[in-house]
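J.:
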Amino acid sequence: MKRIGLIGFGTVGSGVYERLNQSKEEIHQVLGEKVEVAAILVKDRQKKRTVHVDALVTTNWEQFLEAGPYDLVFEAIGGIEPALTYTKYWLEKGIPVITANKKLVAEKGEYLEKAAQVNSTYYGYEAAVAGGIPIINALKGTLATTAISRVSGILNGTTNYMLTEMIEKNRSFADVLIEAQQLGYAEADPTDDLEGYDAWYKIRILSRLCFGYWPQAEDFSKKGVSAMMDWHVEVGERIGFKIKLIAEAWLGDKNVAGRVSPAFLTQTEPLTSVRGVTNGISLEGNSINQLLFIGPGAGKEATANSMVEDLIFHERTKNFKKAEGRNASYGNETFTHSFVFLTHEQRDQALQWVKDHQISVLDTFSHHEGEVGSLNIQRSRLLNRIRFMEMFPRENARKRLIQRNSGRSDFSFL
1 MKRIGLIGFG TVGSGVYERL NQSKEEIHQV LGEKVEVAAI LVKDRQKKRT VHVDALVTTN
61 WEQFLEAGPY DLVFEAIGGI EPALTYTKYW LEKGIPVITA NKKLVAEKGE YLEKAAQVNS
121 TYYGYEAAVA GGIPIINALK GTLATTAISR VSGILNGTTN YMLTEMIEKN RSFADVLIEA
181 QQLGYAEADP TDDLEGYDAW YKIRILSRLC FGYWPQAEDF SKKGVSAMMD WHVEVGERIG
241 FKIKLIAEAW LGDKNVAGRV SPAFLTQTEP LTSVRGVTNG ISLEGNSINQ LLFIGPGAGK
301 EATANSMVED LIFHERTKNF KKAEGRNASY GNETFTHSFV FLTHEQRDQA LQWVKDHQIS
361 VLDTFSHHEG EVGSLNIQRS RLLNRIRFME MFPRENARKR LIQRNSGRSD FSFL
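In structure tokens, the structure reads:
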């Protein structure tokens, strides 16, 4: 009998409890032994709950400890503290911990993985990224020796739903945000979604598995959809692109870098077809060309299922050395093909800057809000020097630009 400790009993925690109970027989068949939740640590024991619970429910840490010993602990409370303290405690005791806490994993994952390694145990975070897509264990398992040069994806279901509605139904940003909150896709305070934090945490976690080490937060830029205007969608449609919030990481010339930003995608780009609250992840490399994973990104059932599958993954592979990443092989800095929007007031200043820096202007066209120019420029110069324009990077337009650049081509809307 495997005894489980569960910390937190909100949406995710209650989902894990239900999933474990509903799948008792299947889990028994797979693992060869039964699994039961022995105790649940909660913040408010008197809170009304819709899930019937047979296990001990307590707000007292000491009582939770006395209900042990545990063979594994699920952390389902979110945030940095007290989740970090609880996770550290169990890992140092040699007890595996499984979480869906993307912020904790992104910010403290390196430290917690080392704690798990030193104490010969497991820190599982499959559910922290795209809860319904088994991407992390795929990177640790079947793709463990596959060299990956770039990972990109739609990792936030809330903003993808909003952009889908804006594009397909010609709705305004403000109206779609209100509906997303009413449907439960967006929180009352949607900052993490709209400002790109949610996707920023997730792409840093994916980067660790794709490239072999935890990246520096400062190497990953972040721009959400909050600064978007409704006419951005109109311009995208005019030039044959759709806007998505893209998170990506790649091997540069000196380090691994990444970004989260609204992006223009061609109609033939695989991620363009990812609609609504669905997530999509693209892996690229010489031996695999491009692999695409699509599935539910979050939600009670998807996240809980992913956490339970992480338990099964650990139990079935704990006697084998798990691959935690691979060595990075750095490349040359790529050029980016950028769409630049210039308001009438900015036009002269911007065009003078382009001329002074000898940047190639490939094409231009007019729009009622101003003019749009197409530039070819090194990514670092684009990021570091153009400061008077809004920037919306675009990725993966090989078919249009393969003859112009030897590296990967990006489209940007500024």
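Using full-length UniProt numbering, the first residue of the sequence shown is number 1, and each one after it goes up by one. Heads up, the beta-carbon is just placed ideally off N, CA and C, and yes, glycines get one too. Bear in mind that the values here come from a model prediction, so they are computed numbers and not experimental data.
Go through its chain and collect everything with a Cβ distance to Leu-383's Cβ below 6 Å, but skip five positions before and after it.
T.: Low confidence applies to Leu-383: its pLDDT is 39, below 50, so where it sits in the model is not reliable, and the reading given next is rough at best. Cβ neighbours of Leu-383 beyond the five flanking positions: none.
J.: Taking the alpha-carbon positions, what's the Thr-11 to Ala-100 distance?
T.: Rounded to the nearest angstrom, the two C-alpha atoms are 11 Å apart.
J.: Considering only residues of the same chain and omitting the five flanking positions on each side of Arg-3, which have a CB-CB separation below 6 Å?
T.: So the qualifying residues of the chain are Ala-38, Tyr-70 and Asp-71.
J.: Could you tell me whether the Cβ atoms of Ile-77 and Ile-178 are closer together than 9 Å?
T.: The answer is no: Cβ separation not under 9 Å.
J.: Starting from the C-beta of Arg-19, find all residues in its chain whose C-beta is less than 7 Å away, skip the five residues before and the five after it, and write them out in chain order.
T.: Excluding sequence neighbours, Arg-19 sits near Ala-304, Asn-305 and Val-308.
J.: In angstroms, rounded to a whole number, what distance separates the CA positions of Arg-208 and Leu-194?
T.: Rounded to whole angstroms, Arg-208 to Leu-194 spans 24 Å at the Cα level.
J.: Excluding the 5 residues flanking Ala-55 on each side, which residues of the same chain have their C-beta closer than 7 Å to its C-beta?
T.: If we look at Ala-55 and ignore the five residues flanking it on each side, its Cβ neighbours are Val-37, Ala-38, Ala-39 and Ile-40.
J.: For Pro-270 and Ala-247, I'd like the C-alpha separation in whole angstroms.
T.: Straight-line Cα distance between these residues: approximately 15 Å.
J.: Is it buried or exposed, Ile-148, if we count other Cβ atoms within 10 angstroms and call 16 or more buried?
T.: Burial call: buried.
J.: Helix, strand or coil for Leu-143, going by three-state DSSP, please let me know.
T.: In this structure, Leu-143 counts as coil in the three-state DSSP scheme.
J.: What is the residue span of the alpha helix (DSSP H) that Asn-305 lies within?
T.: 300-317 is the span of the alpha helix (DSSP H), which, as asked, contains Asn-305.
J.: Unbroken alpha helix (DSSP H) runs of length 4 or more, entirely within the stretch 69-140: which are they?
T.: Counting whole runs of 4 or more residues, the stretch 69-140 contains the alpha helix (DSSP H) stretches 83-92, 102-118 and 135-140.
J.: The alpha helix (DSSP H) spanning Phe-64 covers which residue range?
T.: From DSSP, the alpha helix (DSSP H) with Phe-64 extends over 61-66.
J.: Between Ser-226 and Arg-316, what straight-line distance do the alpha-carbon atoms span, to the nearest angstrom?
T.: Whole-angstrom Cα-Cα distance: 43 Å.
J.: Would you tell me roughly how many angstroms separate the C-alpha atoms of Leu-311 and Leu-291, rounded to the nearest one?
T.: If you take the alpha carbons of Leu-311 and Leu-291, they lie about 25 Å apart.
J.: What span of residues does the beta strand (DSSP E) with Thr-268 cover, start to end?
T.: Element bounds for Thr-268: n/a, residue is neither H nor E.
J.: Does the contact criterion of 3 or more C-beta pairs under 8 Å hold for the stretch 231-243 versus the stretch 294-302?
T.: Result no; under three Cβ-Cβ pairs closer than 8 Å.
J.: Alpha carbon to alpha carbon, how far is Ile-239 from Val-372? Give it in angstroms, no decimals.
T.: Note on Val-372: pLDDT 48, under 50, position unreliable in the model; no value is reported.
J.: I'd like the span of the beta strand (DSSP E) that includes Ala-55, first residue to last.
T.: No beta strand (DSSP E) holds Ala-55; DSSP gives it neither H nor E.
J.: Give the DSSP-derived three-state secondary structure of Thr-278 in the structure shown.
T.: Reduced to three states, the DSSP call for Thr-278 is strand.
J.: Considering just the uninterrupted stretch of the beta strand (DSSP E) at Gln-290, what are its terminal residues?
T.: That run of the beta strand (DSSP E) goes 289-296.
J.: If you pair each beta-carbon of the stretch 173-192 with each one of the stretch 208-219, do three or more pairs fall below 8 Å?
T.: Verdict: no, contact absent.
J.: Can you give me the C-alpha to C-alpha distance between Met-1 and Gly-68, rounded to a whole angstrom?
T.: Looking at the two C-alpha atoms, the distance is approximately 13 Å.
J.: In this structure, what does DSSP give as the bridge partners for Trp-200?
T.: DSSP output for Trp-200 lists no bridge partner at all.
J.: Since Phe-74 and Val-35 are thought to touch, with beta carbons under 8 Å apart, how far apart are those beta carbons, to the nearest angstrom?
T.: The pair is not a contact, with the Cβ atoms about 11 Å apart (cut-off 8 Å).
J.: State the DSSP-derived secondary structure class of Thr-11, mapped to helix, strand or coil.
T.: Three-state result, Thr-11: helix.
J.: Does the Cβ of Met-229 have 16 or more other Cβ atoms within 10 Å, making it buried, or fewer, making it exposed?
T.: The residue in question, Met-229, is exposed, as its Cβ has fewer than 16 Cβ neighbours within 10 Å.
J.: Using the C-alpha atoms, what's the distance from Phe-313 back to His-28?
T.: Roughly 14 Å separates the two Cα atoms.
J.: For the candidate residues Thr-58, Ser-261 and Lys-43, whose alpha-carbon lies nearest to that of Leu-163?
T.: Per the Cα distances, Ser-261.
J.: Beta carbon of Gly-299, beta carbon of Tyr-161: below 9 Å?
T.: Result no, Cβ atoms of Gly-299 and Tyr-161 do not sit closer than 9 Å.
J.: Determine the DSSP secondary structure at Arg-259, reduced to helix, strand or coil.
T.: DSSP places Arg-259 in strand when its eight states are reduced to three.
J.: Please look up how many angstroms separate the CB atoms of Asn-60 and Glu-92, rounded, as I've assumed it's under 8 Å.
T.: No, Asn-60 and Glu-92 are not in contact; Cβ-Cβ is about 21 Å, not under 8 Å.
J.: Using a threshold of 9 Å, state whether the C-beta atoms of Ile-281 and Ser-172 are closer than that.
T.: Their beta carbons are not under 9 Å apart, which means Ile-281 does not touch Ser-172 by this criterion.
J.: What does the alpha-carbon distance come out to for the pair Gly-157 and Ile-167?
T.: Their backbone Cα atoms lie some 15 Å apart in a straight line.
J.: Around the C-beta of His-232, are 16 or more other C-beta atoms found within 10 angstroms, so that it is buried, or is it exposed?
T.: Under this definition His-232 is a buried residue.
J.: From the DSSP secondary-structure annotation, give me the bridge partner or partners of residue 452.
T.: Lying before the first or after the last residue shown, residue 452 is absent from the chain, which here runs from 1 to 414.
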